[in-house]
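Numbering (our numbering), first residue to last: 222 to 356.
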């Protein structure tokens, strides 16, 4: 059975109802939640605009000292110039950013948005034996 609205047209046409006033008070005090991933996209945009280095200097200098000691175990190299470390860090970060940008293109080609290990392996193979990472 279908339920129908009762029509009270005579009553509604004669009665004046004043419009409700809008108040600027926030009811409940809750903020609207953003969609998932919006915060990550904002962070990506911010990092793209910045020109500062992403890896902490102290951590990177420890890594360089460990690598130098591994390659040249007999030499006692404890000091490095700050400009040399800065140049190495700039080059390393540039390489990593380009490597991941190219790898994400492979993920997009596979109709995915998630970067996976096979993308990185294929990127290494595509760059060839002469690439720094393959030596």
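For every residue, glycine included, the Cβ atom is placed at its ideal position computed from N, Cα and C.
Between residue i and residue j, how many whole angstroms is the CB-CB distance? I'm expecting something under 8 angstroms.
i: residue 323; j: residue 337; result: Their Cβ separation, rounded to whole angstroms, is 14 angstroms, which puts residue 323 and residue 337 out of contact at 8 angstroms.
i: residue 329; j: residue 353; result: The Cβ separation is near 24 angstroms, so there is no contact.
i: residue 285; j: residue 306; result: 6 angstroms
Mapping DSSP to helix, strand and coil, what is residue i?
i: residue 252; result: coil
i: residue 236; result: coil
i: residue 293; result: coil
i: residue 276; result: coil
i: residue 335; result: coil
i: residue 325; result: helix
i: residue 282; result: helix
i: residue 351; result: coil
i: residue 374; result: What is shown of the chain runs 222 to 356, which leaves residue 374 out entirely.
i: residue 260; result: helix
Using 8 angstroms as the limit for Cβ to Cβ distance, is residue i near chain C?
i: residue 346; result: Within the model displayed, chain C is absent; a lone protein chain is all it includes.
Next on the checklist: Between the segment 295 to 307 and the segment 249 to 259, can you find at least three pairs of beta-carbon atoms closer than 8 angstroms?
Outcome noted: no
Checklist entry - Do the segment 265 to 282 and the segment 300 to 310 touch if we need at least three Cβ pairs shorter than 8 angstroms? => result yes
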